[in-house]
Each structure stands twice: as C-alpha cells, then as structure tokens.
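Note sheet for the following structure.
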Amino acid sequence: MKSRYHVSRKAGMSMHTDQLEYFIAIAESLSFTEASYSLMISQSSLSKQITKLEDELNVKLFSREKRQLQLTPAGHDFLVYAQNALKNYRTIKSELSRYSAEKSITIGSVDHLGKVGLTEPIASFMDQFPEDNLHINIQKGYAQQVVSWLLEGKTDICFTAKIEDREQHVSNLSVFDLTDYYCRDLVSDEYFAIVPSNHPLAGRSCIDWAELKEERLLILDKQNSVNSLIRNRFSYYHIVPHIAFECNQTDALLKMVEDGYGITFLSGLVATTTYDVRKIKMNQPLSRYTTMIVKNSQMQKKSLVSQFASYVEAFCIH
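Per numbering that gives the first Met the number 0, the sequence shown runs over residues 0 to 317.
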C-alpha cells in the first residue's frame, strides 16, 4: 500500500536522532517555547532543525492556524515513525554497548554535585579502574528532567533533587512510576530563607512562612521543581506571596539578595556561599534529598553501572 505522502530522496539526506528528538518534543507540547526549555536549546536553533528536517522529508510537519501550532496529517504519521525509530535506536545502542571496548557510564544529574559531596565518590570510583578506558559522561538538567532521561533510556543512572513538602505529603518525584527502579537518598538537606545581612530578620534563628508574606521574593524559575512547591506552601497557609523575580541561576539570586533586592529560598548546602547574606531556618521547611535512581535490573546483575551505584551509595551513607 502506497503512503499518502511522497518523500523524495534528496542528495545528502542526513536525518539524525537529535532531529527526531526535537520533532517529538515539539509535537507532544505543540510549543516551540516549551520544547526549547525541555531540550535546553534556543528556539532559533530548534526552528532551524525542524525546517531542515521538513526540507529533507519534502513535507510540512507543522502548520499554524490562528497562531496555534498544529501537526499536519504528515506530521501525525511521522510522529509514530519517529517515536518507534528513536525507541528502537536506543534499544539497539543499549544492547550493543556491552561490546564496546570503552567502559562508559552516562549520568543525568542536577547541578551542584560538588556542593552535595558527590564529586569525590565519582572521582574515587574512577581511580578503581586505572588500567581501563573508563569514561563517565554527566548530562546536567533539572530534577524532573534527569529522571525522565533515565526512564527514556537516555542515561544509565541519575542523581536528582527529591523535594518534599511533609506538611502536604507531596514530592516533586510523585509524578513518576519508579516501581522498577532502585531509589536511594544519599544526602539530606532542607530549604532556608536567604536574606540580606542587614535585613530585620537576619538575626533570627528560625522564622515562619507567614512572616514573609510582605517580603519581595526572588526564587528559582518554573523549570525548577521547588518553584511550585514554594508557591503551594504559601497557598497552603492562605498567603499570596510577592514573587518579584524568577531565574535559574543561584548565583544571580544570591547576588540580588546581597544587594538588598529581596529574599530567596535555597537548600542549605547549595546556599553555602561567600556572598554577604544570612541563612535562616524555616519552621516546617521543605526537605531536599540528593537521590540516586537506577533500574532494578541493573542492580541485579554485575554490571559497571551497578558497581558504580553501589560504590557511591556506600561512600555517601557509610
């Protein structure tokens, strides 16, 4: 049966897995903005790759109707092909990796590995293989993003930030089904209020959330799980917070706090800084754990990944 769409074979056709991943991200969100955030690339680069893909396939995959991005009929069909192709590619890559001469581990991780004490066990593990060609690749992302990478088979293991609100019994990782995964909290921490050194609250050892209802807040942006948990905690106390600024850079937040522009919330270990600010404990704080997640099937066999996971766990906990 002939396809409804004619795809010409152009000279130099070079479709690659990145293009498939980009297309799928846009198709699922129907937003170049959301897709660029999740993929951590610029919208212009993403748009160029999709245009290149459409040129190679000689079909339009997306249309804009009333400024709303939609998949074309060809786009709907291609989405199925792209998802299957990417899934098969990752399966093949995973299966063939055991034949590689190079021993490698791909880690998905949130930022600040050094501040939570994980760079030392990683480096120490590498020292156990002085004669081997061991390569460790760390891909940095947001807390939920690195878990998604693991579940999609893009990484072998992840170190993520599990953030819990014990008052409301919720966690940023509750959205994932981790039944088939080994999860271990390696480092425990909590979120503190970070205030300017000359702030009226700077001398306090502990404060309530209600005391911040009139304060100008500077917080991590919505790509960071703690953003929604902070908002939900204020809502739980029937407080409308004055959130004046959001960004994804802790150094920028700390500098703005030092300069007196407002107050932020950071975990204790991450907030260890040379900036002239004060760290104040919150009454009923949000908890933060640096959590290791790996497939149960990996832990049950004597693989390089299981050796690495066991080594890091023993180093951090014992």
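Beta carbons are placed, not taken as given, at the ideal position from N, Cα and C, and that holds for glycine.
Please return the same chain residues whose Cβ sits closer than 6 angstroms to the Cβ of residue i, not counting the five positions on each side in sequence.
| i | result |
| --- | --- |
| residue 18 | 48 and 52 |
| residue 136 | 105 |
| residue 69 | 62 |
| residue 268 | 114, 115 and 188 |
| residue 238 | 212 |
| residue 293 | 156, 181 and 308 |
Opposite residue i in the DSSP bridges: which residues?
| i | result |
| --- | --- |
| residue 291 | 158 and 183 |
| residue 92 | DSSP output for residue 92 lists no bridge partner at all. |
| residue 232 | BP columns for residue 232 are empty, so no partner. |
| residue 319 | Lying before the first or after the last residue shown, residue 319 is absent from the chain, which here runs from 0 to 317. |
| residue 139 | 108 |
| residue 244 | 217 |
| residue 210 | None, per the DSSP bridge assignment. |
| residue 41 | DSSP output for residue 41 lists no bridge partner at all. |
| residue 68 | 63 |
| residue 205 | 280 |
| residue 200 | Answer by DSSP bridge pairing: none, since residue 200 is not bridged. |
| residue 303 | Bridge partners of residue 303: none, in fact. |
| residue 237 | BP columns for residue 237 are empty, so no partner. |
| residue 133 | 102 |
| residue 286 | 163 and 189 |
Nearest CA to the CA of residue i: which residue from the options?
| i | options | result |
| --- | --- | --- |
| residue 231 | 105, 92 and 208 | 208 |
| residue 57 | 73, 132, 149 and 283 | 73 |
| residue 215 | 174, 119 and 258 | 258 |
| residue 87 | 16, 174, 193 and 273 | 16 |
| residue 193 | 117, 50, 246 and 278 | 278 |
| residue 240 | 40, 210, 174 and 85 | 210 |
| residue 250 | 288, 153 and 111 | 111 |
| residue 128 | 43, 142 and 103 | 103 |
| residue 196 | 237, 276 and 34 | 276 |
| residue 221 | 182, 171 and 236 | 171 |
| residue 296 | 150, 168 and 71 | 150 |
| residue 50 | 64, 31, 302 and 144 | 31 |
| residue 183 | 287, 248, 91 and 67 | 287 |
| residue 159 | 146, 198, 153 and 282 | 146 |
| residue 283 | 236, 64, 246 and 118 | 236 |
| residue 84 | 65, 22 and 55 | 22 |
| residue 33 | 132, 138, 144 and 55 | 144 |
| residue 281 | 290, 206, 186 and 173 | 206 |
| residue 219 | 67, 234 and 242 | 242 |
| residue 234 | 20, 167 and 185 | 167 |
Does DSSP classify residue i as helix, strand or coil?
| i | result |
| --- | --- |
| residue 152 | coil |
| residue 310 | helix |
| residue 5 | Only weak support is given to the placement of residue 5: the predicted model assigns it a pLDDT of 40, under 50, and the question is left unresolved by the model. |
| residue 55 | helix |
| residue 265 | strand |
| residue 119 | helix |
| residue 298 | helix |
| residue 194 | strand |
| residue 76 | helix |
| residue 61 | strand |
| residue 100 | With a pLDDT of 48 at residue 100, under the threshold of 50, the predicted position of this residue should be treated as unreliable, though the coordinate-derived value follows. In the structure shown, residue 100 sits in coil (DSSP, three-state: anything other than H, G, I, E or B). |
| residue 48 | helix |
| residue 177 | coil |
| residue 258 | coil |
| residue 188 | strand |
| residue 19 | helix |
| residue 30 | coil |
Who are the Cβ neighbours of residue i in its own chain at under 8 angstroms, not counting the five residues just before and after it?
| i | result |
| --- | --- |
| residue 255 | 217, 244, 261 and 263 |
| residue 285 | 162, 163, 164, 189, 190, 225, 228, 229, 232 and 264 |
| residue 120 | 310, 311, 314 and 315 |
| residue 299 | 305 |
| residue 253 | 193, 263, 265, 270, 272, 274 and 276 |
| residue 140 | 39, 107, 108, 109 and 148 |
| residue 59 | 53, 71, 73 and 74 |
| residue 223 | 141, 142 and 247 |
| residue 169 | 163, 228 and 231 |
| residue 186 | 115, 116, 117, 268, 288, 289 and 315 |
Grab me the residues of residue i's own chain with a C-beta within less than 7 angstroms of its C-beta, minus the 5 sequence neighbours each way, in chain order.
| i | result |
| --- | --- |
| residue 35 | 41, 42 and 45 |
| residue 301 | none |
| residue 152 | 89 and 93 |
| residue 14 | 52 and 55 |
So does the region 120-130 actually touch the region 301-316, counting three or more Cβ pairs closer than 8 angstroms? Because the criterion of three Cβ pairs below 8 angstroms is met, the region 120-130 and the region 301-316 touch.
Three Cβ pairs or more, each shorter than 8 angstroms: is that satisfied between the region 166-178 and the region 193-205? no
Tell me, please, whether the region 19-28 touches the region 65-81 by the rule of three or more beta-carbon pairs shorter than 8 angstroms. yes
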